[in-house]
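Notes for the one structure printed next.
Residue numbers (the numbering used here): 53 to 501.
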């Protein structure tokens, strides 16, 4: 058996240490591979390789560095759980992270790292109370990394924003002195949740100025910090009905230079909204679909959205596919969407364009009254068909027949279907339009029970 070249190994190890300290991840990966060619069991080289792959955003490869039987559950748990988190395998990452925390075998820095990851996983799973509790725990400990206290504060603000948007918290916004663009951004998001749009725009302007004042950023790094701020500002202008201001912001982006799929995604979806605003000439669904198809998604980028965001983006795509007449694609998409988000029953309305709601598809054979009569007859046999019932209600409301529409929603609710929030909201609006405020209040109370 040939002897190892120990001098060469020592030299490689020294270089590995130097490059790792300088965050030169490509060099670290190359050196680790050279070491592993000489000794495939070298734990230090394997660990360095895994960390380098993580730093290079190559998470699937990083998970494959160690075999299933090479590590104890608590060993390198932070690195492995982080890879799973970035790949969107949130439940598996959660189990691994919590198991490592319970084991008590981690060093203090590793333990705090695991707590940070636990909080991020809880946030992505929309367990905002758990995320807040974990960050509160971190804030009571000793900060080990420069800027960690700031990161914790920023993330707590992000959680409070989500809680406000989901009506899960009614506490007043924290009286926090703004010292960074991240803080200003999250405080602006809180203001959006409270419908204080003027204050939100002021904070976003402040966030932009603070980001531009950060020293040492490259032009690309600065743009990466500014993109979310500008997109949020465009969104606020849309909410205020200021479409020209929103369009001016969104049209100013240099799309080819944007490497982050999430940013492109948000720009495109905001542009899609503007494309369907009356008065704009670019409401071409085929162009809109090409815009959506231009966004290259990866598993890591798709998993960066929380469910609330993914739900909206999926519905946007289905709506555009509906507009271009992709009936089979829409039908399959609705099925997949409802498997993931069963409360979104209103999406079933897109199923009724073919030969039913679209007068052109019937060749003029049916009038609107005939179409409604056919739908009502079908609904009388299927009162638990929420999509069909909502289609009938929509057509009745177009005829200003509120009483009949209210009767239909009562039939749907009486059929034993779940009290989906969207369905309850329709019923409440119909009751209130009839002046039946007590019944609307009782329905809300019963649905929350």
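Glycine is no exception: its CB is placed at the ideal position from the N, C-alpha and C atoms.
Keeping to the same chain, check which residues put their C-beta closer than 6 Å to that of residue i; ignore five residues upstream and five downstream.
| i | result |
| --- | --- |
| residue 282 | 301 |
| residue 279 | 315 |
| residue 233 | 259, 262, 263 |
| residue 223 | Residue placement at residue 223 is poorly supported in this model, since its pLDDT is 49, which falls under 50; the coordinates are not used for a value here. |
| residue 499 | 471, 476 |
| residue 239 | 255 |
| residue 289 | 297, 298 |
Is it buried or exposed, residue i, if we count other Cβ atoms within 10 angstroms and call 16 or more buried?
| i | result |
| --- | --- |
| residue 317 | buried |
| residue 287 | buried |
| residue 197 | exposed |
| residue 489 | exposed |
| residue 459 | exposed |
| residue 433 | exposed |
| residue 153 | buried |
| residue 479 | buried |
| residue 395 | exposed |
| residue 159 | exposed |
| residue 212 | buried |
| residue 231 | exposed |
| residue 385 | buried |
| residue 494 | exposed |
| residue 101 | buried |
| residue 270 | exposed |
| residue 372 | buried |
| residue 464 | buried |
| residue 360 | exposed |
| residue 497 | exposed |
| residue 293 | exposed |
| residue 320 | buried |
| residue 96 | exposed |
| residue 236 | buried |
| residue 272 | exposed |
| residue 106 | buried |
| residue 85 | exposed |
For residue i, which of helix, strand or coil comes out of DSSP?
| i | result |
| --- | --- |
| residue 259 | helix |
| residue 206 | helix |
| residue 476 | helix |
| residue 435 | coil |
| residue 458 | helix |
| residue 470 | coil |
| residue 297 | helix |
| residue 247 | coil |
| residue 242 | helix |
| residue 141 | coil |
| residue 157 | coil |
| residue 416 | Bear in mind that a pLDDT of 41 at residue 416, under 50, signals an unreliable position, so the model cannot answer this. |
| residue 118 | coil |
| residue 195 | coil |
| residue 406 | Annotation note: pLDDT 40 at residue 406 (below 50); position unreliable, coordinate value reported separately. Residue state, collapsed to three classes: helix. |
| residue 237 | helix |
| residue 492 | helix |
| residue 320 | helix |
| residue 268 | coil |
| residue 201 | helix |
| residue 169 | helix |
| residue 146 | helix |
| residue 448 | helix |
| residue 164 | helix |
Which stretch, first to last residue, makes up the alpha helix (DSSP H) that contains residue i?
| i | result |
| --- | --- |
| residue 127 | Run containing residue 127: none; DSSP gives neither H nor E here. |
| residue 368 | 359 to 375 |
| residue 78 | 77 to 90 |
| residue 191 | 180 to 192 |
| residue 232 | From DSSP, residue 232 is part of no alpha helix (DSSP H); its letter is neither H nor E. |
| residue 95 | 95 to 107 |
| residue 383 | 379 to 392 |
| residue 282 | 271 to 291 |
With a threshold of 8 Å on Cβ separation, who are the neighbours of residue i within its own chain once the five nearest residues in sequence on each side are excluded?
| i | result |
| --- | --- |
| residue 468 | 436 |
| residue 108 | 77, 78, 81 |
| residue 167 | 153, 186, 189, 190 |
| residue 367 | 389, 396, 399 |
Could you name the residues of the same chain whose beta carbon sits closer than 7 Å to that of residue i, not counting the 5 residues immediately before and after it, in chain order?
| i | result |
| --- | --- |
| residue 521 | What is shown of the chain runs 53 to 501, which leaves residue 521 out entirely. |
| residue 375 | 337 |
| residue 473 | 395 |
| residue 201 | 195 |
| residue 94 | 87, 88 |
| residue 454 | 482, 485, 486 |
| residue 518 | No information on residue 518 is available, as it lies outside the stretch 53 to 501 that the chain covers here. |
Comparing the CB of residue i with every heavy atom of the ligand GDP, is any distance shorter than 8 Å?
| i | result |
| --- | --- |
| residue 251 | No copy of the ligand GDP occurs in the structure displayed, which carries no ligand at all. |
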